[in-house]
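Presented below is the structure to which this report refers.
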Amino acid sequence: MTVANKSLTELINEMTDADKVRLPIAPAIARQVRQCLAETEVSPGALWILVNQDPALLCNLFRAANSSFFAGLPKTNTIAEAVTRLGKAKAAGVIASACRDSEGRVKGPFLLRYMPQLWQHFHGCALGASWLASRCGYPALAEQAYLAGMLHDIGKQFLLVALEDISGDAEAGITLTEQLVLEVMSSMHVSLGVRLFEEWHLPDIYLEIVADHHEDTLDTQNIVVALVRLANKGCRKAGLGLEKQPELILPTTAEAQFLGIDEIVLAEFEIMLEDRFLGGRPAS
């Protein structure tokens, strides 16, 4: 990596251009995927249930199903569509390759410290958005809300890997503080997430939430965007992820008011997150 007279942003952009950054797969998920692929008889859908639980696996599957080879065809938006287009054997091969590429990737101080929190946040937003959709009269949007929640912060995951690689390059001699890593992820993850969606040919239906999930105002009529934004705020209130805002009052948010969700449902939503991710403990 040549770093002379280059800014941190330039280095990250070069890594993006070279397409050398690989999103790490949660080790527990990768282990289960390998076990699933090793089985002589795999239960129907078992592999795709696992893929549904990891943003890196989802990105790899969608990249393959929406690659330039399929130019001119509509993009696949769901796991089922992607598997149908690729065929089960090819899709399984894509997932196996992704697991091999990710093996041993979760190392270094930044990844070890922050990736577990990011994975928890991805799951919280995905499950939260799906729960809200089903509970609030939009069951047909539950799957789309789930996938949007799982993919909305891929920019942060990419940046964390890139910054770990930059910091760990002995020849570069660059030392990054934890404060700087968090600042870069916070300030750059939206624009980078949008770029990744475009360059990796990820489903366009999730792009609006990637671009707008941190906007101060809710300037959309997209119900899925509102669902994921509300789930995102619920996760921050519960302390799931890198950004914690326990002072948030969900019923007063623009998203809750747009969706017409009352205080009782939102209280149930908070309890669901606490039960699922905090063992029933309220956020401190």
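The sequence shown begins at 0 in numbering that gives the first Met the number 0 and counts up one residue at a time.
Even glycine gets a Cβ: it sits at the ideal position worked out from N, Cα and C.
The three-state secondary structure of residue 135, taken from DSSP, is coil. With contact defined as three or more Cβ pairs closer than 8 Å, the stretch 145-155 and the stretch 104-121 are in contact. The distance from the Cβ of residue 72 to that of residue 110 is about 36 Å, inconsistent with a contact at the 8 Å cut-off. Three or more pairs of CB atoms, one per stretch, sit closer than 8 Å, so the stretch 195-215 contacts the stretch 60-76. It is roughly 43 Å from the alpha-carbon of residue 139 to the alpha-carbon of residue 7. Around the CB of residue 233, 16 or more other CB atoms lie within 10 Å, so the residue is classed as buried.
DSSP places residue 72 outside both helix and strand once states are collapsed to three, so it counts as coil.
In this structure, residue 101 sits near residue 21, with a CB-CB distance shorter than 8 Å. Taken in chain order, the complete alpha helix (DSSP H) segments of 4 residues or longer contained in the stretch 221-267 are 222-237 and 253-258. Residue 208 holds the alpha-carbon nearest to the alpha-carbon of residue 190 among 175, 208 and 55. Straight-line spacing of the CA atoms in residue 99 and residue 265 works out to 41 Å. With a beta-carbon spacing of about 16 Å, residue 240 and residue 52 fall beyond the 8 Å limit used to define contacts.
Contact check for residue 161 against residue 148 fails: the beta carbons are separated by 8 Å or more.
By the neighbour-count definition (other C-beta atoms within 10 Å, threshold 16), residue 270 is an exposed residue. Burial is judged here by how many other beta carbons sit within 10 angstroms of a residue's own beta carbon; residue 112 has fewer than 16 and is exposed. Close CB contacts of residue 227 within its chain, under the 8 Å cut and outside five residues either way in sequence, are with 124, 128, 144, 147, 148, 151, 208 and 212 (chain order). Scanning its chain for C-beta atoms nearer than 6 Å, with the 5 sequence neighbours on each side dropped, one finds around residue 84 the residues 64 and 75, in chain order.
By a beta-carbon distance limit of 8 Å, residue 60 contacts residue 93. Their separation comes to about 6 Å.
In terms of CA proximity to residue 245, 236 leads the group 253, 251 and 236. Around the beta carbon of residue 174, fewer than 16 other beta carbons lie within 10 angstroms, which makes this residue exposed. Looking at the backbone, the Cα of residue 272 and that of residue 247 are separated by about 15 Å.
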